[in-house]
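Engineer: Heads up: the sequence lines are chains A and B, in that order.
So the first sequence is numbered by my numbering: it starts at 1 and just counts up by one.
So the second sequence is numbered by my numbering: it starts at 1 and just counts up by one.
Using N, Cα and C, we set each Cβ at its ideal position, and we do this for glycine too.
These numbers come from a predicted model, not from an experiment.
Sharing a structure below in structure tokens format, with a few things to ask.
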Amino acid sequence: MSIISRFAGFFVGDAQADRTVPPSGFTANLTLFSAAAMAFLCVFALALSLATGRLAARWGDELARSSTVRISAPADQVDIQAQAALRVLETTPGVATARLLGAAEQRALLEPWFGPDLPLEGLPIPQLIEVTEDSSGYDAAGLRLRLSAEVPGAVLDDHTRWRKPLIRAASRLRMLGWLSIGLIGGALAAMITLAANAALAANAGVIAVLRLVGATDGYIAQAFVRRFTLRGLSGAAVGTALGMMAVFLLPSAQNTGGFLTGLGFRGMHWLYPLLIPALAGGVAFAATRAAARKTLKELP
Amino acid sequence: MIELDNVAYSYGGGELLSDISLKLSPGSFHFLTGPSGAGKTTFLKLCYGALKPTAGQVRLFDTDVRTMSRDDVALSRRRVGVVHQDCQFLDHLSVAENVALPLTVAGQGTLSEQSNLKELMNWVGLQHRADALPPELSGGERQRAALARAVIMSPDVILADEPTGNIDWEMSQRLLQLLLELNRMGKTIMVATHDLNLIRTAKNQVQARVLRISNRRLQLAGAVL
């Protein structure tokens, strides 16, 4: 209870106490601007991290558990070889299901390249078998050997060849996103520390008077800390709002797009950027407090 | 209240004060005199805890200043009022707010204190200047405002460092009368000054002891005057 009331009291503030430090219009605006700019950048870094995280998870989850067997054989052999391949797959440990893709499904897969009107029936399209692994997975090299022995026209594509570098790239990108957020937080802390030090230096006379009339270090520090925390908080709130609006207004092309157009927040992720102002306020609080305590300790 | 026991203070260069012992008893009136640069300001700073002695012991209200934290020193300022020659104010606040500043920082800036504040402003003759800003005040008005600020917490001791250094004789006398009134109310007063006329005028009205700093030591100089 007392923590909550102290917390509330910090923001409501003591109007008298707040007036003891003279107002500073210009530098206040600079602090607000820095906090807003950093929060704006932070929204994008967060969107990038979340989007690449989603992408890596999707590739990892959906594609890791599925692979494809392609049967390329003369037209009269396709069905026989497909059945043989299915039999091999059904007796392979680690394969959960193996399913022949129907003509309609195959056409849907090819449609983006050839258009909807192409008469596929006349073309030697290979037959595809969708293979889903169970949680233990199967031995791809062993399966390839068995297939080549029993079904000469079958080629196993387990997707790992192109999936792994993509997932690695996505993870790296996500890590860079988080690193950026960390750097943005550090830069904000540095800026607020500089601003707070400048304010403390500019108000050395005020601090001397306050000391003389019996103000404790805590009281003097509070006047500065409260001011910079509120600036960090409100600046970051404006920057976050603008950043979220910009992300919201990004043209969406989710169905066909890659990860770039997928940049944005989905569902509950829209709540994450709302933490930015609070974190910025926390950073400003800690930075100013440390700067004020250090400065005051050095004064007589 | 304030006790110094074999106190010495040295800057990097050498010893400024040495072997100083003094006990300020309640209700006493002291003058501190000596040539400029003799260490009057340093002596006063030792008395209100702004400086810590390099040797010996200073006790503020029975507490060794060396054992006091920064906050303890700050809190002791509420019992020791200090007036400087070049008194500093918060220039963006009105005179009345500056005088009430010790109450504000002590978290006692309540309405009930407002009448006290008004009374105090009347007492120092600044009631008509209450809403002015400090830079608009004359030297004498600044000194009286500083005195009002020093006494608003009703301290036990008032230390004044050359309070009449920048003001004319008439204004000096007026300030002295305020200090004498405070002494009659039981406050302990210590005034550092090199104005011998001021000391003579005071001695006609109060049992004042005169201390002199010379050759780094504190001597009782009552007989000289």
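Where do the N-terminal and C-terminal ends of the alpha helix (DSSP H) with residue 285 of chain A fall, by residue?
Structural biologist: 275–298 is the span of the alpha helix (DSSP H), which, as asked, contains residue 285 of chain A.
Engineer: In this structure, how does DSSP classify residue 174 of chain B when only helix, strand and coil are distinguished?
Structural biologist: Helix, per DSSP.
Engineer: Is it true that the CB of residue 82 of chain A sits closer than 8 Å to the CB of residue 125 of chain A?
Structural biologist: No.
Engineer: What residues in the region 19–33 of chain A bring their beta carbon closer than 8 Å to a beta carbon of chain B?
Structural biologist: Within the region 19–33 of chain A, the qualifying residues are 19, 20, 22, 23.
Engineer: Output, in chain order, the set of chain B residues within a Cβ distance shorter than 7 Å of residue 210 of chain A.
Structural biologist: 105, listed in chain order.
Engineer: Starting from the beta carbon of residue 92 of chain B, find every residue of chain A whose beta carbon is closer than 7 Å, and list them in chain order.
Structural biologist: By Cβ distance, chain A contributes 22.
Engineer: Is it right to say residue 34 of chain A is buried, meaning 16 or more other beta carbons lie within 10 angstroms of its own, or is it exposed?
Structural biologist: The residue is buried, with at least 16 neighbouring Cβ atoms inside 10 Å.
Engineer: Mind reading off the beta-carbon distance from residue 324 of chain A to residue 94 of chain A? Whole number of angstroms is fine, and I expect it under 8 Å.
Structural biologist: It is not possible to answer for residue 324 of chain A, since the shown part of chain A is limited to 1 through 300.
Engineer: Note down, one range per segment and in chain order, each alpha helix (DSSP H) of at least 4 residues found wholly within the region 17–61 of chain A.
Structural biologist: 25–58, all fully within the region 17–61 of chain A.
Engineer: Below 8 Å CB to CB, which residues in the same chain sit around residue 78 of chain B once its five sequence neighbours on both sides are set aside?
Structural biologist: Here the set comprises 102, 106, 153, 155.
Engineer: Identify, in the order they occur along the chain, each residue of the same chain with its Cβ nearer than 6 Å to the Cβ of residue 295 of chain A, setting aside the five sequence neighbours on each side.
Structural biologist: Cβ neighbours of residue 295 of chain A beyond the five flanking positions: 200.
Engineer: Indicate whether at least one CB of chain A lies closer than 8 Å to the CB of residue 7 of chain B.
Structural biologist: With 8 Å as the cut-off, residue 7 of chain B does not count as an interface residue toward chain A.
Engineer: Would residue 53 of chain B and residue 7 of chain B be called neighbours here (beta carbons separated by less than 8 Å)?
Structural biologist: The answer is yes: Cβ separation under 8 Å.
Engineer: Anything in the region 146–160 of chain B with a Cβ closer than 8 Å to a Cβ of chain A? List those residues in chain order, please.
Structural biologist: Those residues of the region 146–160 of chain B that come within reach of chain A (Cβ to Cβ, closer than 8 Å) are 149, 153.
Engineer: Closest Cβ-Cβ distance between residue 102 of chain B and chain A: below 8 Å?
Structural biologist: By this cut-off, residue 102 of chain B is an interface position.
Engineer: Once DSSP output is grouped into helix, strand and coil, what is the label at residue 81 of chain A?
Structural biologist: Reduced to three states, the DSSP call for residue 81 of chain A is helix.
Engineer: Which of the three DSSP states, helix, strand or coil, is assigned to residue 138 of chain B?
Structural biologist: In the structure shown, residue 138 of chain B sits in coil (DSSP, three-state: anything other than H, G, I, E or B).
Engineer: Could you tell me whether any Cβ in chain A is nearer than 8 Å to the Cβ of residue 74 of chain B?
Structural biologist: Answer yes: the Cβ-Cβ gap between residue 74 of chain B and chain A drops below 8 Å somewhere.
Engineer: Please list, in chain order, the chain A residues whose beta carbon lies closer than 7 Å to that of residue 82 of chain B.
Structural biologist: Result: 212.
Engineer: Enumerate in chain order the residues of its own chain whose CB-to-CB distance from residue 20 of chain B is below 6 Å, with the five nearest sequence positions on each side excluded.
Structural biologist: Excluding sequence neighbours, residue 20 of chain B sits near 4, 7, 218.
Engineer: If you follow the alpha helix (DSSP H) that residue 45 of chain B is in, where does it begin and where does it stop?
Structural biologist: That run of the alpha helix (DSSP H) goes 40–47.
Engineer: In three-state DSSP terms, what is residue 256 of chain A?
Structural biologist: Note that residue 256 of chain A scores 48 on pLDDT, short of 50, meaning its location in the model is unreliable; the coordinates nonetheless yield the value given after this. Coil.
Engineer: Measuring CB to CB, does residue 38 of chain A end up less than 8 Å from residue 188 of chain A?
Structural biologist: The answer is yes: Cβ separation under 8 Å.
Engineer: How many angstroms separate the CA atom of residue 123 of chain A from the CA atom of residue 75 of chain A?
Structural biologist: Roughly 10 Å separates the two Cα atoms.
Engineer: What residues from the region 195–208 of chain A come within 9 Å of chain B, judged by C-beta to C-beta, listed N to C?
Structural biologist: If the cut-off is 9 Å between Cβ atoms, the region 195–208 of chain A has 205, 206, 208 near chain B.
Engineer: Quick one: Cα of residue 259 of chain A to Cα of residue 52 of chain A, how far?
Structural biologist: Because residue 259 of chain A sits at a pLDDT of 49, beneath the cut-off of 50, its placement in the model cannot be relied upon, and the following sentence gives the value as read from the coordinates. In a straight line, the C-alpha of residue 259 of chain A is about 7 Å away from that of residue 52 of chain A.
Engineer: Helix, strand or coil: how does DSSP classify residue 184 of chain A here?
Structural biologist: Reduced to three states, the DSSP call for residue 184 of chain A is helix.
Engineer: One question on the structure: do residue 273 of chain A and residue 232 of chain A come within less than 8 Å of each other, judged by their Cβ atoms?
Structural biologist: Their beta carbons are not under 8 Å apart, which means residue 273 of chain A does not touch residue 232 of chain A by this criterion.
Engineer: Run through the DSSP bridge pairs and tell me what residue 138 of chain A is partnered with.
Structural biologist: None, per the DSSP bridge assignment.
Engineer: Counting only Cβ pairs nearer than 8 Å, list the residues of chain B close to residue 215 of chain A.
Structural biologist: By Cβ distance, chain B contributes 74, 105.
Engineer: Checking contacts by CB at 8 Å: is residue 272 of chain A closer than that to chain B?
Structural biologist: Chain B contact via Cβ: absent.
Engineer: Please report the Cβ distance between residue 67 of chain A and residue 131 of chain A, rounded to the nearest whole angstrom; I am assuming they are in contact, meaning their Cβ atoms lie under 8 Å.
Structural biologist: Their Cβ separation, rounded to whole angstroms, is 5 Å, which keeps residue 67 of chain A and residue 131 of chain A in contact under 8 Å.
Engineer: Please report how far the alpha carbon of residue 178 of chain A lies from the alpha carbon of residue 240 of chain A, in whole angstroms.
Structural biologist: Taking the straight line joining both Cα atoms gives about 17 Å.
Engineer: Taking 8 Å as the threshold (beta carbon to beta carbon), is residue 61 of chain B in contact with chain A?
Structural biologist: Closer than 8 Å: no.
Engineer: Exposed or buried, residue 36 of chain B, counting other C-beta atoms within 10 Å across all chains shown (16 or more means buried)?
Structural biologist: With fewer than 16 other Cβ atoms within 10 Å, it is exposed.
Engineer: Can you tell me the Cα-Cα spacing of residue 167 of chain B and residue 139 of chain B, whole angstroms?
Structural biologist: The straight-line gap from Cα to Cα measures roughly 6 Å.
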